[in-house]
Amino acid sequence: MRPRYAAAMPVISPRTIAAALTEHWSPRVIAALDDSYIKVAKLYGELAWHAHAGEDELFFVLAGRLRIEMEATSVELGEGDAYVVPRGVRHHPVAEHECLVMLVEKQSTLHTGDAVTEHTRSLTDQLRPIDPLCAVGRHL
Ligand code: NI
Numbered sequence: 000m001r002p003r004y005a006a007a008m009p010v011i012s013p014r015t016i017a018a019a020l021t022e023h024w025s026p027r028v029i030a031a032l033d034d035s036y037i038k039v040a041k042l043y044g045e046l047a048w049h050a051h052a053g054e055d056e057l058f059f060v061l062a063g064r065l066r067i068e069m070e071a072t073s074v075e076l077g078e079g080d081a082y083v084v085p086r087g088v089r090h091h092p093v094a095e096h097e098c099l100v101m102l103v104e105k106q107s108t109l110h111t112g113d114a115v116t117e118h119t120r121s122l123t124d125q126l127r128p129i130d131p132l133c134a135v136g137r138h139l
């Protein structure tokens, strides 16, 4: 499934769109790239320990800070930092304060991987149209 705007891609401002989101841990698809999606999300608190057996997952911090805990290590990302969680690695994103992220992941990637929690969002939910006013570089 592709976003409705895939045929006529507008200039997008991931940070502006992420800032306009009203729910935490509810990623939204803002663009499609080959077999991957570009998503943005507003994070606060913890998600759930999970892994994606066959898919790498890129986190790019647009604002704030994000800690990604893994079983063997933990990384702290500040604004402008990016990290790829390799496929199969169990991870646990933690945002002590609200942060904005951009994600790049395969279209087949499940939101919370092998875990299902109250935070788990379906792909249909992530593909909900976004107010176009926040997708054209409007500054909040
Ligand atoms: Ni993940």
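Numbered according to numbering that gives the first Met the number 0, the sequence shown spans residues 0 to 139.
A virtual CB, placed ideally from N, CA and C, is assigned to each residue, including glycine.
Inter-residue Cα distance where the pair is residue i and residue j
i: Val84; j: Arg120; result: 19 Å
i: Thr111; j: Ser25; result: 11 Å
i: Val60; j: Leu20; result: 15 Å
i: Arg14; j: Lys38; result: 11 Å
i: Gly136; j: Glu54; result: Residue confidence for Gly136 is low, a pLDDT of 47 falling below 50, so the modelled location carries little weight; the figure read from the coordinates is stated next. Each residue's alpha carbon lies about 30 Å from the other.
i: Ala81; j: Leu109; result: 20 Å
i: Ala40; j: Ala52; result: 22 Å
i: Met8; j: Val93; result: 32 Å
i: Gly44; j: Val10; result: 30 Å
i: Gly63; j: Asp113; result: 27 Å
i: His49; j: Leu122; result: 17 Å
i: Leu32; j: Ile129; result: 18 Å
i: Ser12; j: His23; result: 19 Å
i: Val28; j: Arg127; result: 8 Å
i: Glu78; j: Arg86; result: 24 Å
i: Glu95; j: Val115; result: 22 Å
i: Glu104; j: Ala30; result: 11 Å
Residues bridged to residue i [DSSP beta-bridge criterion]
i: His49; result: His90
i: Tyr82; result: Phe58
Residue i Cβ short of 7 Å to the ligand NI heavy atom set
i: Glu56; result: yes
i: Gly112; result: yes
i: His118; result: no
i: His49; result: yes
i: His90; result: yes
i: Val84; result: yes
Contact belief for residue i with residue j at Cβ below 8 Å, rounded distance in angstroms
i: Gln125; j: Asp34; result: At roughly 16 Å, the Cβ-Cβ gap does not stay under 8 Å, so Gln125 and Asp34 are not in contact.
i: His118; j: Ala47; result: 7 Å
i: Val100; j: Leu42; result: 6 Å
i: Arg66; j: Glu56; result: That pair is no contact at about 15 Å.
Residue i: first and last residue of the uninterrupted alpha helix (DSSP H) it sits in
i: Ile16; result: 13-19
i: Leu126; result: Counting along the chain, Leu126 falls outside any alpha helix (DSSP H), and DSSP gives it neither H nor E.
beta-carbon residue i near the ligand FMN non-hydrogen atom, thresh 7 Å
i: His23; result: With respect to the ligand FMN, the structure offers nothing, as its ligand set consists of the ligand NI.
For residue i, the first and last residue of its enclosing beta strand (DSSP E)
i: Glu70; result: Per DSSP, Glu70 belongs to no beta strand (DSSP E) and is neither H nor E.
i: Arg27; result: 27-32
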